[in-house]
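For the sequence shown, the tail end lands on 478 under my numbering, and the numbers increase by one without skipping.
Glycine included, C-beta positions come from ideal geometry on N, C-alpha and C.
No experiment lies behind these values; they were computed from the predicted model shown.
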Amino acid sequence: MSSPVIRNYLSLVKFSHTIFAMPFAMIGFFLAVTWAGYSFNWTKLLLVVLCMVFARSAAMAFNRWLDADFDKKNPRTAQREIPAGIISASNALYFVIGNAVLFMASTWFINPVCFFLSPIALIVVLGYSYTKRFTALCHLILGIGLSLAPIGAFLAVTGRFAVLPVLLSFLVLCWVSGFDIIYALQDEEFDKSQQLHSIPAWLGKAGGLRFSEALHLVAAGLAVTIGLLGGFHWLYWIGAGVFILMLFMQHRLVKPNDLSRVNLAFMTTNGIASVVFAVFAIADMFILNQ
Numbered sequence: 189m190s191s192p193v194i195r196n197y198l199s200l201v202k203f204s205h206t207i208f209a210m211p212f213a214m215i216g217f218f219l220a221v222t223w224a225g226y227s228f229n230w231t232k233l234l235l236v237v238l239c240m241v242f243a244r245s246a247a248m249a250f251n252r253w254l255d256a257d258f259d260k261k262n263p264r265t266a267q268r269e270i271p272a273g274i275i276s277a278s279n280a281l282y283f284v285i286g287n288a289v290l291f292m293a294s295t296w297f298i299n300p301v302c303f304f305l306s307p308i309a310l311i312v313v314l315g316y317s318y319t320k321r322f323t324a325l326c327h328l329i330l331g332i333g334l335s336l337a338p339i340g341a342f343l344a345v346t347g348r349f350a351v352l353p354v355l356l357s358f359l360v361l362c363w364v365s366g367f368d369i370i371y372a373l374q375d376e377e378f379d380k381s382q383q384l385h386s387i388p389a390w391l392g393k394a395g396g397l398r399f400s401e402a403l404h405l406v407a408a409g410l411a412v413t414i415g416l417l418g419g420f421h422w423l424y425w426i427g428a429g430v431f432i433l434m435l436f437m438q439h440r441l442v443k444p445n446d447l448s449r450v451n452l453a454f455m456t457t458n459g460i461a462s463v464v465f466a467v468f469a470i471a472d473m474f475i476l477n478q
């Protein structure tokens with residue numbers, strides 16, 4: 189596959205947005221190694237990364253394939269790869285199927301629990317794409333999809349559930365749902381015109397921002413709860429502090445009558461939040477638990 193084609197598919201799935209969930213998958217993985225006391229395994233770490241990439245690529249490409257007609261009508265999205273004719277709808281669907289198969293194949297090499305749960309994970313992450321057609325709570329379904337990252341990584345190592353990674357998954361759910369609502373503010377009028385559902389289309393821009401703020405307050409509370417229950421030290425609290433600060437900042441950047449900084453709030457602040465949180469949380473696990 190040539191470089192331009194690879195770039196087109198990376199753009200189709202917004203590969204750079206992997207930065208949102210991947211750091212939390214790493215926290216889940218290293219929670220299993222340090223907090224739960226399991227041995228570190230490079231092969232298993234690689235398989236977790238591959239699962240993340242394949243599942244997210246399948247989900248994003250499926251969303252683009254399913255929403256191609258809507259994207260063509262929306263001036264903000266008309267230049268995406270499928271409506272612009274850069275990637276055909278059939279090739280995008282083949283890409284979805286290929287990534288879904290590779291995801292399930294990767295879970296086969298991890299452990300039976302992950303393999304048998306993999307179809308459920310695919311139903312969640314692919315099914316999200318339909319939810320905007322019938323519920324304004326579609327943002328929460330997206331949040332559930334990305335929240336599978338930390339608990340899935342923990343399961344990959346341990347084969348069992350535990351309170352701390354489950355709480356981490358709830359944190360991701362609230363965090364992702366909140367910033368997806370902010371991103372959806374841009375399409376409030378378009379969604380209404382196409383009878384699509386979203387929190388901004390339901391509650392308006394001001395109401396949508398309040399809903400997002402409530403979710404992010406819960407996410408901040410969960411970051412504090414995890415730190416206390418997990419017995420973390422000062423490095424974790426630095427990371428959690430930056431994470432909470434970034435939540436606060438994105439609500440300072442976006443106003444109901446000023447959406448000019450939505451992309452800054454969406455990509456930059458959330459990218460910083462996830463990476464810094466993960467780096468400091470993982471460093472805390474290794475450095476201060478020696």
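Rounded C-alpha distance that separates residue i from residue j
i: I414; j: S278; result: 44 angstroms
i: F258; j: K393; result: 21 angstroms
i: F242; j: S199; result: 15 angstroms
i: E377; j: G396; result: 13 angstroms
i: F420; j: D472; result: 7 angstroms
i: G347; j: H205; result: 28 angstroms
i: S317; j: C362; result: 18 angstroms
i: V351; j: W425; result: 19 angstroms
i: A293; j: K260; result: 34 angstroms
i: A407; j: S381; result: 32 angstroms
i: L219; j: A341; result: 9 angstroms
i: Y226; j: A246; result: 30 angstroms
Three-state secondary structure assigned by DSSP to residue i
i: D368; result: helix
i: D379; result: helix
i: D255; result: coil
i: Y424; result: helix
i: T457; result: helix
i: T295; result: helix
i: R264; result: coil
i: T323; result: coil
i: P300; result: helix
Beta-carbon contacts of residue i that lie in its chain and below 7 angstroms, excluding the five residues immediately before and after
i: A453; result: I370, Q438, L441 and V442
i: K202; result: M248
i: S365; result: H327, L328, L330, G331 and L403
i: A280; result: L200, A249, R252, W253 and I270
i: K320; result: C326, L384, H385 and S386
i: P338; result: F212, A213, I215, G216, P353, L356, S357 and V360
i: F322; result: H385
i: F283; result: Y197 and A249
i: I298; result: K232, L235 and A344
With 16 other Cβ atoms within 10 Å as the buried cut-off, status of residue i
i: F474; result: exposed
i: I285; result: exposed
Own chain residues within Cβ distance below 6 angstroms of residue i, not counting five before or after
i: P211; result: S462, V463 and A466
i: S400; result: G366, I369 and I370
i: L290; result: F242
i: F303; result: T295 and W296
i: A224; result: T346
i: G315; result: none
Cβ-based neighbour list, residue i, same chain, cut-off 8 angstroms, excluding 5 preceding and 5 following
i: F208; result: L334, V364, N458, G459 and S462
Bridge partner(s) assigned by DSSP for residue i
i: D446; result: K443
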